[in-house]
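Residue numbers (the working numbering): 1380 to 1554.
All C-beta atoms, glycine included, are put in the ideal place defined by N, C-alpha and C.
Here the structure is a predicted model, which means the values were calculated and not measured.
Worksheet: one structure, shown below.
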């Protein structure tokens, strides 16, 4: 019997989170894994997968509503599999202990539903061309910095960590 694939699911408004999912997909495939990358709104049955890597961008200090809803809807299945979360936020532009704590707090609602084995916290990208007019006005009004702060080496290193955890003989719970 073929091994079930790893699911890398994401919620995104501008495509940035999908791009991280694609990097993880490439890494796992290069290591010989079967992988499926899906927008989480297209997923119905988690029994098809051996593990789940779930990512969302942060908006207004929370995971996107569709990501929280997904975890709420599938929490029982998610608790029964190796589970990993990653998030992208401008808070992580500076990787400080305070920003890590803030970012972990943003994930508290989903962690209370299904605790992952590990969490990747990454800076994102803020491109006004990808935003709605209202969002562009908020960015300008509040003086948010515009640019791409994704640390591809850190993303790759986290993917390697996830791969290592998935391939341990016994995957320990909690982070």
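On the three-state DSSP scale, how would you describe residue i?
i	result
residue 1384	coil
residue 1504	strand
residue 1525	coil
residue 1545	helix
residue 1466	strand
residue 1499	strand
If you follow the alpha helix (DSSP H) that residue i is part of, which residue opens it and which one closes it?
i	result
residue 1611	Limits of the chain in this structure are 1380 at one end and 1554 at the other, which puts residue 1611 out of reach.
residue 1492	1487 to 1492
residue 1433	No alpha helix (DSSP H) contains residue 1433, which is instead part of the beta strand (DSSP E) from 1430 to 1438.
Contact defined as beta carbons within less than 8 Å: I believe residue i pairs with residue j. What is the distance between those atoms, to the nearest angstrom?
i	j	result
residue 1432	residue 1486	Residue 1432 to residue 1486, Cβ: 14 Å. No contact.
residue 1436	residue 1538	Actually they are not in contact, since the Cβ atoms of residue 1436 and residue 1538 sit about 18 Å apart, beyond 8 Å.
residue 1463	residue 1541	5 Å
residue 1500	residue 1430	About 19 Å; that fails the 8 Å criterion.
I need the straight-line Cα distance from residue i to residue j, nearest angstrom please.
i	j	result
residue 1511	residue 1519	12 Å
residue 1461	residue 1497	9 Å
residue 1419	residue 1514	23 Å
residue 1488	residue 1527	27 Å
Taking three-plus beta-carbon pairs below 8 Å as touching, is the segment 1455 to 1468 in contact with the segment 1433 to 1443? Flag = yes, the segment 1455 to 1468 and the segment 1433 to 1443 touch.
Please determine if the segment 1415 to 1429 and the segment 1471 to 1478 are in contact, where contact requires at least 3 C-beta pairs separated by less than 8 Å. Touching, no.
Determine contact between the segment 1452 to 1459 and the segment 1389 to 1401, defined as no fewer than three beta-carbon pairs at a distance below 8 Å. With fewer than three CB-CB distances shorter than 8 Å, the segment 1452 to 1459 does not count as touching the segment 1389 to 1401.
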